Amino acid sequence: MNRVAELTLKLLDRALTSAEAEELDALAADPRAEAEHLELLALEAELRALRTDFDLADATLAQIQEAQAERTAGAVLAAITTAAPPIWARSGPGPRRTVRRRAVAVVLTACAACALVAVWLGVKPAPIVLPAHDDLPGAAGQGFAKLSQKTGLVEVLNATGDVVPVEEGNELPVGFTLRTGDESLAVVELLAEPARFEIESDSVVRFRSGGRTVASKPQLYLAAGQLTATVSDRPNSRPLVVSTSVTDVLAHSGLFVVSSAGPDTARVDIRSGQVELVRTVAPKPVPVGVGSALVTAGLDRVDIENSRAVDRVPARTLAFPGARDVTYSLDGAELWVGNARAFTRWGETSAIESSYYARRTDGFAGFTRDRKHLVTFRGDREDRVLIRSLPDGGELAVVDARIGDSRFWAVGPDASWFAVVDLPKPHKCVRLLDVATGEERFQLNVAENIACITSSPDGRALAVGLIDLARGGSNKVLLLDTITGARLSSLPIQKRPPTALAYSDDGRLLAVGFNGVIQIWDVASRELLRTITGFERAVVCLAFSPDANRIAAGTPDGSVWVWHRASGLQTQLIESGGRGVRTVAFSPNGKHLATVANGAPVAVWDIKLTGDLQ
Numbered sequence: 001m002n003r004v005a006e007l008t009l010k011l012l013d014r015a016l017t018s019a020e021a022e023e024l025d026a027l028a029a030d031p032r033a034e035a036e037h038l039e040l041l042a043l044e045a046e047l048r049a050l051r052t053d054f055d056l057a058d059a060t061l062a063q064i065q066e067a068q069a070e071r072t073a074g075a076v077l078a079a080i081t082t083a084a085p086p087i088w089a090r091s092g093p094g095p096r097r098t099v100r101r102r103a104v105a106v107v108l109t110a111c112a113a114c115a116l117v118a119v120w121l122g123v124k125p126a127p128i129v130l131p132a133h134d135d136l137p138g139a140a141g142q143g144f145a146k147l148s149q150k151t152g153l154v155e156v157l158n159a160t161g162d163v164v165p166v167e168e169g170n171e172l173p174v175g176f177t178l179r180t181g182d183e184s185l186a187v188v189e190l191l192a193e194p195a196r197f198e199i200e201s202d203s204v205v206r207f208r209s210g211g212r213t214v215a216s217k218p219q220l221y222l223a224a225g226q227l228t229a230t231v232s233d234r235p236n237s238r239p240l241v242v243s244t245s246v247t248d249v250l251a252h253s254g255l256f257v258v259s260s261a262g263p264d265t266a267r268v269d270i271r272s273g274q275v276e277l278v279r280t281v282a283p284k285p286v287p288v289g290v291g292s293a294l295v296t297a298g299l300d301r302v303d304i305e306n307s308r309a310v311d312r313v314p315a316r317t318l319a320f321p322g323a324r325d326v327t328y329s330l331d332g333a334e335l336w337v338g339n340a341r342a343f344t345r346w347g348e349t350s351a352i353e354s355s356y357y358a359r360r361t362d363g364f365a366g367f368t369r370d371r372k373h374l375v376t377f378r379g380d381r382e383d384r385v386l387i388r389s390l391p392d393g394g395e396l397a398v399v400d401a402r403i404g405d406s407r408f409w410a411v412g413p414d415a416s417w418f419a420v421v422d423l424p425k426p427h428k429c430v431r432l433l434d435v436a437t438g439e440e441r442f443q444l445n446v447a448e449n450i451a452c453i454t455s456s457p458d459g460r461a462l463a464v465g466l467i468d469l470a471r472g473g474s475n476k477v478l479l480l481d482t483i484t485g486a487r488l489s490s491l492p493i494q495k496r497p498p499t500a501l502a503y504s505d506d507g508r509l510l511a512v513g514f515n516g517v518i519q520i521w522d523v524a525s526r527e528l529l530r531t532i533t534g535f536e537r538a539v540v541c542l543a544f545s546p547d548a549n550r551i552a553a554g555t556p557d558g559s560v561w562v563w564h565r566a567s568g569l570q571t572q573l574i575e576s577g578g579r580g581v582r583t584v585a586f587s588p589n590g591k592h593l594a595t596v597a598n599g600a601p602v603a604v605w606d607i608k609l610t611g612d613l614q
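Laid out in structure tokens, this is it:
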């Protein structure tokens with residue numbers, strides 16, 4: 001390992017002294033040294049941005065393998081050099097025996113290095129565990145935080161990446177990593193500090209106390225996702241530190257949200273209190289008041305935005321526990337809400353409820369575009385998908401399929417077919433079934449992972465979002481003929497895994513949601529029309545307004561973001577008051593937006609139709 005690599009690793013571990021920082025700056029003046037320095041930083045960023053079920057690209061993997069082999073060999077050599085020789089090698093110091101001993105040591109070193117590298121390569125890396133730090137104080141079992149609440153899939157991993165069982169009320173030791181799944185929430189309270197964290201869906205957070213020089217500062221490393229922090233007043237000498245690969249957030253008090261969609265950006269929304277940002281390139285803390293700050297790698301400044309006017313009071317709320325989907329009647333006179341056990345139609349002054357399953361379960365549910373059918377799945381062990389007729393809610397057909405996630409099923413606009421991604425993981429097979437006959441029209445097996453699916457408005461195409469694990473940068477949306485299964489075309493989306501898909505009503509546009517990005521494509525020409533960035537949230541669901549002038553996206557923290565589609569400018573931010581937005585639906589006239597979120601009533605919001613281009 002050369003000096004540039006050594007200093008870069010110290011920088012990443014936050015162990016770089018001022019003198020060493022000056023030395024690194026001087027060395028980086030050489031183009032080759034600078035390229036190596038930036039390459040190591042990029043590699044670290046890739047490691048910190050990895051998500052569950054996603055492997056490294058070939059190029060990055062090759063770099064890691066080479067670096068790991070070098071470090072392993074060096075460590076084995078160091079161990080053999082400093083350790084006492086074995087008994088069988090101590091009989092005499094003659095030249096022949098010395099040469100033999102050295103040869104044996106070299107052979108053993110090579111064998112050990114190869115064996116360790118082979119083991120390392122044979123075991124899939126735990127992608128969400130951040131690089132370990134050597135300055136963790138205390139024993140491995142030392143309590144650091146408490147998991148006070150968990151909803152959905154919440155996993156805790158130890159320092160080696162193994163999942164360990166943790167229930168509500170259990171402590172989380174230093175060095176552990178917490179990972180939340182789809183539609184999940186974890187509430188964590190620090191033991192020694194008056195701080196409470198709500199870790200949203202699809203997030204990865206690592207807990208550790210400060211190093212030797214900052215032992216009094218508890219720290220959390222957000223690898224990806226989003227967390228909301230409530231921090232009580234504390235002395236300025238004891239800030240809470242939330243770190244991403246782009247910036248450190250120092251919170252002295254108040255409520256704030258920090259999110260990171262990848263290794264190159266982070267957003268901090270300050271609701272109240274005292275928060276400062278620290279950049280690696282500009283170590284002086286930047287105070288941030290109530291508002292929003294977007295930090296981007298490669299820029300020397302932090303862009304602090306004014307506080308947005310957030311809509312928190314809906315025009316109307318509807319009491320429907322466990323709602324799974326919402327839509328408007330074709331004439332817009334009624335709002336329809338459903339889940340696996342009930343369906344309700346709301347008019348202006350009254351509601352008509354149809355209950356078709358007595359047991360209390362939400363399950364899955366979804367309306368078809370023609371508003372004549374409702375798809376329900378209770379989630380029981382032997383349950384199957386039911387197609388119900390509307391508005392009476394009667395059983396119309398049964399489909400031999402099971403639903404495991406809202407992203408992994410789609411239905412034709414007239415319920416003539418039903419598509420489902422097979423369970424369990426890995427998700428590499430999608431089946432399309434004819435609802436009338438129950439027969440399988442086609443089955444598609446792919447080498448990639450299937451991330452999400454949806455139907456075109458005319459029902460002729462099934463859009464399938466694919467994550468290319470082998471090459472990383474070759475993710476795409478595949479369009480299939482729903483009659484034959486033939487591949488119609490594909491859209492070369494960006495490297496990030498897609499999380500949601502939505503067509504415009506005329507079928508001309510397809511919106512693809514990612515973590516912190518939305519792409520809008522012209523389906524016929526395969527042209528990327530617009531990329532919307534800067535909101536740093538995972539996209540859970542998407543919807544176009546009827547005229548396609550607006551696009552709304554629901555996020556795991558209960559927020560709904562609304563943009564003017566042509567300009568890409570944000571026109572509205574809605575806080576639903578719940579968690580994990582399930583569905584957003586525009587009214588036929590485009591003046592209202594209905595939302596379904598966990599823990600909040602179904603709500604109707606007025607859409608702002610002016611000020612699009614301000």
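Note that the UniProt record's numbering has the sequence shown beginning at 1, numbered continuously upward.
Note that CB positions come from ideal geometry on N, CA and C, so glycine has one too.
Bear in mind that the values here come from a model prediction, so they are computed numbers and not experimental data.
First and last residue of the beta strand (DSSP E) that includes residue i?
{"i": "K476", "result": "476-481"}
{"i": "Q274", "result": "265-279"}
{"i": "T296", "result": "291-296"}
{"i": "G507", "result": "First-last for G507: undefined, no H or E at that position."}
{"i": "N598", "result": "592-598"}
{"i": "I304", "result": "303-305"}
{"i": "D434", "result": "429-434"}
{"i": "N515", "result": "515-522"}
{"i": "V584", "result": "579-586"}
{"i": "L569", "result": "It is not in any beta strand (DSSP E) - L569 carries neither H nor E in the DSSP assignment."}
{"i": "A603", "result": "602-606"}
{"i": "T327", "result": "325-328"}
Mark residue i as exposed unless 16 or more other C-beta atoms lie within 10 angstroms of its C-beta, in which case mark it buried.
{"i": "P173", "result": "buried"}
{"i": "T17", "result": "exposed"}
{"i": "L432", "result": "buried"}
{"i": "A594", "result": "buried"}
{"i": "N2", "result": "exposed"}
{"i": "residue 615", "result": "With the chain covering only 1 through 614, there is no way to say anything about residue 615."}
{"i": "A463", "result": "buried"}
{"i": "D606", "result": "exposed"}
{"i": "Q572", "result": "buried"}
{"i": "P321", "result": "exposed"}
{"i": "L542", "result": "buried"}
{"i": "R341", "result": "buried"}
{"i": "E439", "result": "exposed"}
{"i": "L609", "result": "exposed"}
{"i": "V313", "result": "exposed"}
{"i": "V435", "result": "buried"}
{"i": "E448", "result": "buried"}
Roughly how many whole angstroms lie between the Cα atoms of residue i and residue j?
{"i": "N445", "j": "K428", "result": "6 Å"}
{"i": "A112", "j": "T265", "result": "The predicted model places A112 with a pLDDT of 45, which falls under 50 and marks its position as unreliable, so this point remains unresolved."}
{"i": "L396", "j": "R279", "result": "59 Å"}
{"i": "G175", "j": "N515", "result": "26 Å"}
{"i": "E22", "j": "G298", "result": "19 Å"}
{"i": "S243", "j": "D522", "result": "38 Å"}
{"i": "I467", "j": "P287", "result": "39 Å"}
{"i": "A451", "j": "L9", "result": "35 Å"}
{"i": "Q443", "j": "V420", "result": "10 Å"}
{"i": "F418", "j": "L478", "result": "17 Å"}
{"i": "P127", "j": "R526", "result": "Any reading at P127 must be qualified, since the residue scores a pLDDT of 38, below 50, and its modelled position is unreliable; no value is offered."}
{"i": "L250", "j": "D30", "result": "34 Å"}
Who does residue i pair with in a DSSP beta bridge?
{"i": "D458", "result": "DSSP, once it has assigned bridges, lists no residue as partnering D458."}
{"i": "G175", "result": "According to DSSP, which records beta bridges pairwise, G175 is partnered with nothing at all."}
{"i": "E344", "result": "Position check: residue 344 holds Thr in this sequence, whereas Glu was assumed. Paired residues: V337, E353."}
{"i": "K146", "result": "E171, E189"}
{"i": "residue 616", "result": "In this structure the chain extends from 1 to 614, so residue 616 is not present and cannot be described."}
{"i": "L374", "result": "F367, R388"}
{"i": "Q226", "result": "S259"}
{"i": "R550", "result": "H564"}
{"i": "S253", "result": "Q274"}
{"i": "D248", "result": "S243, V278"}
{"i": "G465", "result": "C452, V477"}
For a cutoff of 8 Å on Cβ pairs, would you count residue i as touching chain C?
{"i": "A266", "result": "No chain C appears in this structure, which consists of one protein chain only."}
Q) Can you find at least 3 beta carbon pairs, one from the segment 191-199 and one from the segment 156-163, that sit closer than 8 Å? A) no
Q: Examine the Cβ distances between the segment 257-274 and the segment 222-230 and report whether three or more of them are shorter than 8 Å.
A: yes
Q.
For the segment 289-298 against the segment 317-332, do three or more pairs of beta-carbon atoms, one drawn from each stretch, fall closer than 8 Å, so that the two count as touching?
A. no
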